[in-house]
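Protein chains in written order, with our numbering: chain A, 25 to 380; chain B, 445 to 609.
Working notes for the structure below.
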């Protein structure tokens, strides 16, 4: 527990260092006009290399601290090509491919399918390794410490696992919750860990990437659809309590609702995490906009405050995503029909709606 | 569409592959054993609590039984004590009456004895007195009847008495 707390404080304090270091990195760009929008978009976007810092002039003689990442590209004519992203650094072309605004394109204008291990994919692997490492350790503790009181890392995660099981799984899904626990737990801890990793300086904005949240939302949609019973479809095609004449309007509305629910999941997570990153980066940008060291206390104070807030948002968004997923699944597997409200507008409450 | 909200195919692919892999591995090797042992522990705690409750109930019943036994024993003791006291009283009473009776009987006997003695004494006194009287009378008679006149006189007096009868 103590070690975890120390780790937490380390994570907390790192962004502060990052903000102190940031001037030395970015001051070199004084020569040209500083564009905060461009800088922010570059930071929250994906990249084919993992860039940490640049010392000196960025355009000419600067020293870049970067990790080149593998590029995996598939072209219809040429097949698969795998090489290091350092081959494409600073606008170079390799194998008929080049990077334009971090986007892989072919010189001859042909279609390129980019399966590169980008910064986000690398960060995704890091999250996955972290998840596997931590929860395999926790699981092995349960084996070695059978029947005993939880200890160490096990006692940190056990209440969270129990909370997800009891407050999210059991309450939102009902008696069939056990089948869905692995997905709920994995989604919760994946989003939480990725959110926290994204707050580290130099880290990727994984959960603030629309592709990642899209994939998670589609998985939720698929699980919902595949576990749905006839009540779920009866509710869509013959909504109880609605006159027959209104059904031509209600059926499209309900069908849109099926898609809108995961869509809201996708946008909510993406927007919350990206917005947090943008706000922190904006406060850092203030230093370069005002070009004065006097503004740095304000930047530091607000930046730290937003960072604390982001720590809360990290777990909150993971919880919300998991809870809503559980509620959508709960609506699909529900047996009797009295709390139909849950399916339409159950966005903000886990308590079963009152009967009609 | 701006690049920020354009999902990249490559990232979707990797997210699907890696997340799916993590999901499968965690489900099989982490969540299943964790949830199973959590459930097992909760069940064992619940059964232990239930057993404790039952033991408490049994204890209470035992205590009630004990108390009942104790009261019964106490009642028994009281009864025995009472009976014993009664018996003792009775015995004392009996002894007293018996003693009284005995005393009374002895007194009566003594009285009777005294009466007998008294009667005997009286009889003796009477006899002695009679003997004395006879002796005296004999002596007087011997002296008075020494002459024949007086003897005649006496015979006459007797005859007088006989005529009267």
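Idealized CB from N, CA, C, for every residue including glycine.
Q) Rounded C-beta distance between residue 357 (chain A) and residue 194 (chain A)? I'm assuming under 8 Å. A) Your numbering for residue 357 (chain A) matches position 333 in the first chain. Your numbering for residue 194 (chain A) matches position 170 in the first chain. Between residue 194 (chain A) and residue 357 (chain A) the Cβ distance is about 13 Å, and since that is not below 8 Å, they are no contact.
Q: Please check if any C-beta of chain B sits within less than 8 Å of the C-beta of residue 189 (chain A).
A: Residue mapping note: residue 189 (chain A) aligns to position 165 of the first chain, counting from 1. Judged by the 8 Å Cβ criterion, residue 189 (chain A) is in contact with chain B.
Q. When burial is assigned at 16 or more other CB atoms within 10 Å of the CB, is residue 72 (chain A) buried or exposed?
A. Taking the first chain and counting its residues from 1, the one referred to as residue 72 (chain A) is at position 48. Buried: at least 16 other Cβ atoms inside 10 Å.
Q.
When you compare the CB of residue 150 (chain A) with every CB in chain B, is at least one pair closer than 8 Å?
A. The count along the first chain starts at 1 and reaches residue 150 (chain A) at position 126. Answer no: the Cβ-Cβ gap between residue 150 (chain A) and chain B never drops below 8 Å.
Q) In terms of residues, what are the limits of the alpha helix (DSSP H) holding residue 570 (chain B)? A) If you number the second chain from 1, residue 570 (chain B) lands on position 126. 476-588 is the extent of the alpha helix (DSSP H) around residue 570 (chain B).
Q | CB contact check: residue 459 (chain B) to chain A, cutoff 8 Å | A | Sequence index remark: in the second chain, residue 459 (chain B) carries index 15 (1-based). Answer yes: the Cβ-Cβ gap between residue 459 (chain B) and chain A drops below 8 Å somewhere.
Q.
Alpha carbons only, please: which of A:133, A:143 and A:321 is nearest the one belonging to residue 67 (chain A)?
A. Taking the first residue of the first chain as position 1, residue 67 (chain A) is located at position 43. Ranking A:133, A:143 and A:321 by Cα distance to residue 67 (chain A) puts A:143 first.
Q. Can you list the residues of chain A that residue 488 (chain B) reaches, using a CB-CB cut of under 8 Å?
A. Position 44 of the second chain, counting from 1, holds the residue named residue 488 (chain B). Those are 171, listed as they occur along chain A.
Q.
Quick check: what's the CA-CA separation for residue 574 (chain B) versus residue 561 (chain B)?
A. For this step, residue 574 (chain B) is matched to residue 130 along the second chain. For this step, residue 561 (chain B) is matched to residue 117 along the second chain. A direct Cα-to-Cα measurement between residue 574 (chain B) and residue 561 (chain B) gives close to 19 Å.
Q: Report yes or no: is there a C-beta of chain A within less than 8 Å of the C-beta of residue 454 (chain B)?
A: The residue labelled residue 454 (chain B) in the question sits at position 10 within the second chain. So yes, residue 454 (chain B) belongs to the interface.
Q | Boundaries (first-last residue) of the beta strand (DSSP E) holding residue 218 (chain A) | A | In the first chain, residue 218 (chain A) corresponds to position 194, counting from 1. Premise fails: residue 218 (chain A) lies in the alpha helix (DSSP H), 205-223, not in any beta strand (DSSP E).
**Q.** Where the alpha helix (DSSP H) through residue 58 (chain A) begins and ends
**A.** Counted from its first residue, the first chain places residue 58 (chain A) at position 34. Counting along the chain, residue 58 (chain A) falls outside any alpha helix (DSSP H), and DSSP gives it neither H nor E.
Q) With 16 other CB atoms within 10 Å as the buried threshold, where does residue 604 (chain B) fall? A) Numbered from its first residue, the second chain carries residue 604 (chain B) at position 160. Under this definition residue 604 (chain B) is an exposed residue.
Q | Span of the beta strand (DSSP E), counted from its first residue to its last, around residue 121 (chain A) | A | For this step, residue 121 (chain A) is matched to residue 97 along the first chain. That run of the beta strand (DSSP E) goes 121-124.
Q. By the criterion of Cβ-Cβ separation under 7 Å, what are the contact partners of residue 485 (chain B) in chain A?
A. Numbered from 1 along the second chain, position 41 holds the residue referred to as residue 485 (chain B). Neighbours of residue 485 (chain B) on chain A, chain order: 171.
(Q) Between residue 491 (chain B) and chain A, is any beta-carbon pair separated by less than 8 Å? (A) For the purposes of this step, residue 491 (chain B) is identified with residue 47 of the second chain, where counting begins at 1. It does not: the Cβ of residue 491 (chain B) has no partner Cβ on chain A nearer than 8 Å.
(Q) Please identify, using Cβ separations under 9 Å, the residues of the stretch 471-482 of chain B that lie next to chain A, in order along the chain. (A) Flagged, chain order: 471, 472, 473, 474, 475, 476, 477, 478, 479, 480, 481 and 482.
Q: For residue 597 (chain B), count neighbouring C-beta atoms within 10 Å of its own C-beta (all shown protein chains included) and say buried if the count is 16 or more, exposed if not.
A: Indexing the second chain from 1 puts residue 597 (chain B) at position 153. By the 10 Å Cβ count, residue 597 (chain B) comes out exposed.
Q.
Buried or exposed, going by whether 16 or more other CB atoms sit within 10 Å of the CB of residue 286 (chain A)?
A. Here residue 286 (chain A) is taken as the residue at index 262 of the first chain, counted from 1. Classification of residue 286 (chain A): buried, given that the 10 Å Cβ count is 16 or more.
(Q) Could you tell me which whole alpha helix (DSSP H) segments of length 4 or greater appear in the stretch 119-176 of chain A? (A) 143-168
(Q) Going by the DSSP bridge assignment, what does residue 103 (chain A) pair with across the sheet? (A) Counted from its first residue, the first chain places residue 103 (chain A) at position 79. A:99, per the DSSP bridge assignment.
Q) Do residue 314 (chain A) and residue 58 (chain A) have their C-beta atoms within less than 8 Å of each other? A) Numbered from 1 along the first chain, position 290 holds the residue referred to as residue 314 (chain A). Numbered from 1 along the first chain, position 34 holds the residue referred to as residue 58 (chain A). The answer is no: Cβ separation not under 8 Å.
(Q) Does the stretch 337-345 of chain A come into contact with the stretch 280-298 of chain A, if we say contact requires no fewer than three beta-carbon pairs (one atom in each stretch) closer than 8 Å? (A) Yes, they touch.
Q | Classification of residue 601 (chain B) by the beta-carbon crowding that lies within 10 angstroms, buried from 16 upward | A | Position 157 of the second chain holds residue 601 (chain B). With fewer than 16 Cβ atoms within 10 Å of its Cβ, residue 601 (chain B) is classed as exposed.
Q: Could you tell me which chain B residues have their CB closer than 9 Å to the CB of residue 176 (chain A), listed as they occur along the chain?
A: Residue 176 (chain A) sits at position 152 when you count from the first residue of the first chain. Result: empty, since nearest Cβ-Cβ is about 14 Å, beyond 9 Å.
Q. Which partner residues does residue 88 (chain A) have in the DSSP bridge list?
A. Taking the first chain and counting its residues from 1, one reaches residue 88 (chain A) at position 64. Beta-bridge pairing links residue 88 (chain A) to A:78.
(Q) I'd like to confirm the pairing. Which residues does DSSP put opposite residue 94 (chain A) in its beta bridges? (A) The residue labelled residue 94 (chain A) in the question sits at position 70 within the first chain. Paired residue(s): A:108.
Q | CA nearest to the CA of residue 343 (chain A), picked from A:159, A:102 and A:188 | A | Translated into the one-based positions of the first chain, residue 343 (chain A) becomes position 319. Here the closest residue by C-alpha is A:188.
Q. The stretch 229-251 of chain A: which residues have C-beta closer than 7 Å to a C-beta of chain B, in chain order?
A. Across the stretch 229-251 of chain A, CB contacts with chain B closer than 7 Å involve 233, 234, 235, 236, 238 and 239, in sequence order along the chain.
Q.
Taking only three categories from DSSP, how would you classify residue 278 (chain A)?
A. The sequence position of residue 278 (chain A) within the first chain is 254, counting from 1. In this structure, residue 278 (chain A) counts as helix in the three-state DSSP scheme.
Q | Under 8 Å by beta carbon: chain B residues contacting residue 206 (chain A) | A | On the first chain, residue 206 (chain A) is found 182 positions in, with the first residue counted as 1. Correct list: 467, 470, 471, 475 and 476.
Q) Which partner residues of residue 73 (chain A) appear in the DSSP bridge assignment? A) Here residue 73 (chain A) refers to the residue found at position 49 when the first chain is read from its first residue. Beta-bridge pairing links residue 73 (chain A) to A:92.
Q: Would you grab the beta carbon distance between residue 156 (chain A) and residue 466 (chain B) for me? Rounded to a whole angstrom, and I think it's under 8 Å.
A: The residue labelled residue 156 (chain A) in the question sits at position 132 within the first chain. The residue labelled residue 466 (chain B) in the question sits at position 22 within the second chain. Cβ atoms of residue 156 (chain A) and residue 466 (chain B) come within 8 Å of each other, at about 6 Å.
Q. Is residue 182 (chain A) helix, strand or coil by DSSP?
A. On the first chain, residue 182 (chain A) is found 158 positions in, with the first residue counted as 1. In this structure, residue 182 (chain A) counts as helix in the three-state DSSP scheme.
Q. Is the Cβ-Cβ distance between residue 238 (chain A) and residue 447 (chain B) less than 8 Å?
A. The residue given as residue 238 (chain A) occupies position 214 in the first chain. The residue given as residue 447 (chain B) occupies position 3 in the second chain. Cβ atoms of residue 238 (chain A) and residue 447 (chain B): not closer than 8 Å.
Q: Could you work out which residues of chain B lie near residue 140 (chain A), taking near to mean beta carbons separated by less than 7 Å?
A: For the purposes of this step, residue 140 (chain A) is identified with residue 116 of the first chain, where counting begins at 1. Simply 454.
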